[in-house]
Amino acid sequence: MKHLNRRHFLGAGLLLGASTLLGKPLPDKPIAIPEEYKPPIIAFPEKKPMVTISDRPPLLKSARGRDIYTQAITPNDEFFVRWHLPDIPTHIDLKEFRLEVNGAVTTPLSLSIDDLKTTFDPVEITAVMQCGGNSRKYYAVTGQATHGVQWDHGAMGCAVWKGVRLKDILTRAGLKESAQWIGLNGLEKPAMEETPDFFREMALKEALEEQIIVAYGMNGEDLPYLNGFPIRLVIPGHFADSWVKMLSNIMVMDSYRNSFFMDVAYTVPDNDCECVVSGSDFEYKRKPIASMKVKSVIGYPSEESVIKKGSRIKISGVAFDQGKGIKEVMISLDSGKSWSAAKLGHDLGKYAFRMWSYEWETKTKGNYTIMARAINRIGNIQPMADEIGWNAGGYQYNGVDSVSVKIV
Amino acid sequence: MKKFVLLCFLATSTLLAQMEKPIEMPYVEYPMIKGDHDEVAQQYCLICHSWGYILNQGKKSRPYWNGTVQKMVNEFKAPIPKEDQQTIIDYLVKHYGYEAKAGQSGH
Chain A
1 MKHLNRRHFL
11 GAGLLLGAST
21 LLGKPLPDKP
31 IAIPEEYKPP
41 IIAFPEKKPM
51 VTISDRPPLL
61 KSARGRDIYT
71 QAITPNDEFF
81 VRWHLPDIPT
91 HIDLKEFRLE
101 VNGAVTTPLS
111 LSIDDLKTTF
121 DPVEITAVMQ
131 CGGNSRKYYA
141 VTGQATHGVQ
151 WDHGAMGCAV
161 WKGVRLKDIL
171 TRAGLKESAQ
181 WIGLNGLEKP
191 AMEETPDFFR
201 EMALKEALEE
211 QIIVAYGMNG
221 EDLPYLNGFP
231 IRLVIPGHFA
241 DSWVKMLSNI
251 MVMDSYRNSF
261 FMDVAYTVPD
271 NDCECVVSGS
281 DFEYKRKPIA
291 SMKVKSVIGY
301 PSEESVIKKG
311 SRIKISGVAF
321 DQGKGIKEVM
331 ISLDSGKSWS
341 AAKLGHDLGK
351 YAFRMWSYEW
361 ETKTKGNYTI
371 MARAINRIGN
381 IQPMADEIGW
391 NAGGYQYNGV
401 DSVSVKIV
Chain B
1001 MKKFVLLCFL
1011 ATSTLLAQME
1021 KPIEMPYVEY
1031 PMIKGDHDEV
1041 AQQYCLICHS
1051 WGYILNQGKK
1061 SRPYWNGTVQ
1071 KMVNEFKAPI
1081 PKEDQQTIID
1091 YLVKHYGYEA
1101 KAGQSGH
């Protein structure tokens, strides 16, 4: 029996409220996840062979599946890749490349990579990068399948990023009093001129936060080409949609500019639960996704693991949130009936993956459903998969992760 | 053996960023079901993205594919004439989707 906690109650109320608001009937039976297409596994430049969801624009995830989450730092050559536009330059000449900083500034800048590396203070930060649509296929377990590529947990990773504070760059350029927003653009281009650019915006107040960096290094190396060489924005605690790759322009603006990628893509319902009744279409007022939600993902075992009766296994995985820090990860071996605390691994910083593990001696044969549920330091807790608020874009999924295994 | 190791090292070191030469992106031929004017879908959809985008979304309803094609035309400015839009929607629904059940919204 699942107990009805306050959060459950609150969530249900909001869902009901949303449904009345939209005048939608509650959906009938959820549609099960349809049989999946298995994409090919192909090696791209500087990458190990990866699951190639698309080659153009490239959408790649590790071929190791859950196993990649048995480590706190994701290797560069297995780090997920997700571009938005098909025309990506195949060569960057560092002698030519410049980051232009212009708009409402007193001194427009044109910075080479060398300028960034030698004339600013270098900073390092360990942070999770997660696509807004990561794990969206699991919305279909309890509700309707959402829009978009049905990512499993593969669209995230954690790296040590090295670069320059965005604040320091903006300070050097000198902000005019009228400055309110910054616009960000990289070198990826659409196939047709009329297609909107992958243009992202950030309120200036937010852009000046200490932890945001323009990164040229990743895990002690240059950024891999497909992860945004030579520089990309890193916004710890935020979903990856504004971590612009091959960043070439920072434009300081007096006002917000409406754009497809801010106002239409990567948005959730603009209400408290950021959710609507499962199966609704995009008929709601929207806001851009921003802070990540507390989440844990099981790295081992996976559905494919063969586990022998009497063996001692170490269930392990990663947990993270928006930067408040993970307080606890709870493990259930009986489909969520009872929970015990996992052991937390080293703290690599509040924006990093926090490893966790739980020793399990498998005493009896049979089927088990393992669940992991994280709680952060401000008490945010992952919703159970059947309690999660739904949105049509399938963004910011953070339902309790589960793996069904067989002890033989 | 030494030579072999050295060659491997050289091969790897050229891959480590600071790339002097243009990268070569692999090309993937994603399978497209033939018939029902797949050539129209090929002609327009593949201008901007691979067929992987369709294959990895799972089967979708007619309203979904209709909305998606409209999004491509209205937001991404895909130059698809009206009659070809309908051909593409029908092709997607038939081979990569299903007709929506009565009373079901969206997808």
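These protein sequence lines map, in sequence, to chains A and B.
So for the first sequence, the working numbering puts the first residue at 1; every next one is plus one.
So for the second sequence, the working numbering puts the first residue at 1001; every next one is plus one.
Just so you know, even glycine gets a beta-carbon here, dropped at the ideal spot from N, CA and C.
The structure displayed is predicted, hence computed values, not measured ones.
Reference residue i; option with closest CA among the options
i       : options                            : result
A:S112  : A:A104, A:L94, A:M129              : A:L94
A:L85   : B:M1072, B:K1094, B:A1100, B:L1092 : B:M1072
A:Q150  : B:Q1085, B:P1081, B:E1029, B:K1059 : B:K1059
A:R377  : A:G323, A:F353, A:V403             : A:G323
B:R1062 : B:F1076, B:D1090, B:Q1043          : B:D1090
A:R172  : A:D321, A:T106, A:Y37              : A:T106
B:C1048 : A:I53, A:P57, A:A385, A:T52        : A:P57
B:S1118 : B:E1083, B:P1026, B:Y1064, B:Q1086 : With chain B represented from 1001 up to 1107, any question about residue 1118 of chain B goes unanswered, as that position is not in the structure.
A:L59   : A:G349, A:A72, A:P40               : A:P40
A:A72   : A:S335, A:M156, A:Y139             : A:M156
B:F1076 : A:T74, A:V264, A:R257              : A:V264
B:Q1086 : B:I1033, B:V1069, B:M1032, B:E1020 : B:V1069
A:V276  : A:G394, A:Y256, A:I298, A:L170     : A:G394
A:M192  : B:K1094, B:D1084, B:C1045, B:Y1064 : B:C1045
A:K295  : A:S278, A:I289, A:F320, A:P49      : A:F320
Residues of its chain near residue i, where Cβ-Cβ distance is below 8 Å and the 5 sequence neighbours each way are ignored
i       : result
B:I1023 : none
A:S338  : S332
A:V408  : V306, I307, K308, K309, K365
A:E177  : none
A:R232  : G186, V214, A215, L223, W243, V244, K245, M246, L247
Cutoff 6 Å; reference residue i; Cβ partners in own chain excluding five residues on either side
i       : result
A:K343  : S357
A:A32   : Note that A:A32 has pLDDT 46, beneath the 50 cutoff, so the model's placement of it is unreliable and no number is given.
A:K293  : Q396, N398
B:I1054 : Y1096
A:K285  : D270
A:P384  : The identity of residue 384 of chain A in the sequence shown is Met, whereas the question assumes Pro. Closer than 6 Å at the Cβ level, and outside the excluded window around A:M384, lie V400.
A:P224  : E46, N76
A:D241  : G132, Y266
A:L109  : V101, A173
A:Y300  : T70, S316
A:Y368  : L333, V405
B:N1074 : none
A:S135  : H153, Y397
B:A1041 : I1088, Y1091
A:S402  : T369, M371
A:K327  : I375, N376, R377
A:S340  : I331
Cβ-Cβ separation, residue j to residue i (assumed contact under 8 Å), whole Å
i       : j      : result
A:P269  : A:N391 : 6 Å
A:I235  : A:G163 : Going by Cβ atoms, the distance from A:I235 to A:G163 rounds to 12 Å, so no, they are not a contact pair.
A:S404  : A:E274 : 29 Å between Cβ atoms; not a contact.
B:V1028 : A:T52  : 6 Å
A:P196  : A:F261 : 6 Å
A:D77   : A:K47  : 5 Å
A:V416  : A:N185 : Absent from the model: residue 416 of chain A. The displayed extent of chain A is 1 to 408, so no value can be given.
A:G325  : A:K350 : 4 Å
A:M218  : A:W181 : Going by Cβ atoms, the distance from A:M218 to A:W181 rounds to 27 Å, so no, they are not a contact pair.
A:F79   : A:A159 : 7 Å
Cβ shell of residue i (< 7 Å), same chain only, five flanking positions each side left out
i      : result
A:K29  : Low confidence applies to A:K29: its pLDDT is 43, below 50, so where it sits in the model is not reliable, and the reading given next is rough at best. There are no such residues.
A:E359 : R312, K314
A:D386 : T142
A:S291 : G237, H238, Q322
A:K189 : L85, D87
A:E361 : R312
A:D347 : R354
Cutoff 8 Å: residue i Cβ touching any chain E Cβ
i      : result
A:F260 : The structure shown has no chain E; the protein chains it does contain are A and B.
Length at least 3, wholly inside the region 288-376 of chain A: the beta strand (DSSP E) runs in chain order: List check, beta strand (DSSP E) in window: 295-300, 312-320, 326-332, 354-361, 366-376.
Residues of the region 268-280 of chain A whose Cβ lies closer than 7 Å to any Cβ of chain B, in chain order: Cβ contacts with chain B: G279, S280.
Alpha helix (DSSP H) segments (min. 4 residues) lying fully within the region 1047-1096 of chain B: Counting only runs of 4 or more, we get 1052-1055, 1062-1074, 1082-1096.
Positions along the region 211-225 of chain A whose CB lies within less than 8 Å of some CB in chain B: Correct list: E221, D222, L223, P224, Y225.
Chain B contacts made by the region 55-80 of chain A, where a contact means CB separation under 8 Å: Legend: CB atoms of the region 55-80 of chain A lying less than 8 Å from CB atoms of chain B belong to residues D55, R56, P57, P58, L59.
Members of the region 1043-1065 of chain B near chain A, C-beta cut-off 7 Å: Against chain A - using a Cβ distance shorter than 7 Å - the residues of the region 1043-1065 of chain B are I1047, C1048, H1049, S1050, G1052, Y1053, L1055, N1056, Q1057, G1058, K1059.
Segments of 4+ residues assigned as alpha helix (DSSP H) that fall wholly inside the region 231-265 of chain A: Counting only runs of 4+ residues, the alpha helix (DSSP H) found wholly inside the region 231-265 of chain A occupies 260-263, in chain order.
Length at least 3, wholly inside the region 178-230 of chain A: the beta strand (DSSP E) runs in chain order: The qualifying runs are 181-186, 200-203, 213-218.
Inside the region 34-109 of chain A only - alpha helix (DSSP H) runs reaching at least 4 residues: As far as the region 34-109 of chain A is concerned, it has no whole alpha helix (DSSP H) run of at least 4 residues.
Residues from the region 170-195 of chain A in contact with chain B, defined by Cβ distance under 9 Å: Taking 9 Å as the cut-off between beta carbons, the residues of the region 170-195 of chain A near chain B are P190, A191, M192, E193, E194, T195, in sequence order.
Interfacial residues, the region 90-107 of chain A to chain B, with Cβ spacing under 8 Å: Correct list: T90, H91, I92, L94.
Interfacial residues, the region 1081-1098 of chain B to chain A, with Cβ spacing under 9 Å: Answer in chain order: no residues at all.
Selection of the region 229-262 of chain A by Cβ proximity to chain B, strictly under 9 Å: The region 229-262 of chain A vs chain B, Cβ under 9 Å: F229, P230, F260.
Those runs of the beta strand (DSSP E) which lie wholly inside the region 111-192 of chain A and span at least 3 residues: Complete beta strand (DSSP E) runs here, min 3: 122-130, 156-165, 181-186.
Selection of the region 146-159 of chain A by Cβ proximity to chain B, strictly under 7 Å: Within the region 146-159 of chain A, the residues whose Cβ lies closer than 7 Å to some Cβ of chain B are G148, V149, Q150, listed in chain order.
Selection of the region 115-142 of chain A by Cβ proximity to chain B, strictly under 7 Å: Going along the region 115-142 of chain A in chain order, one finds no residue with a Cβ nearer than 7 Å to chain B.
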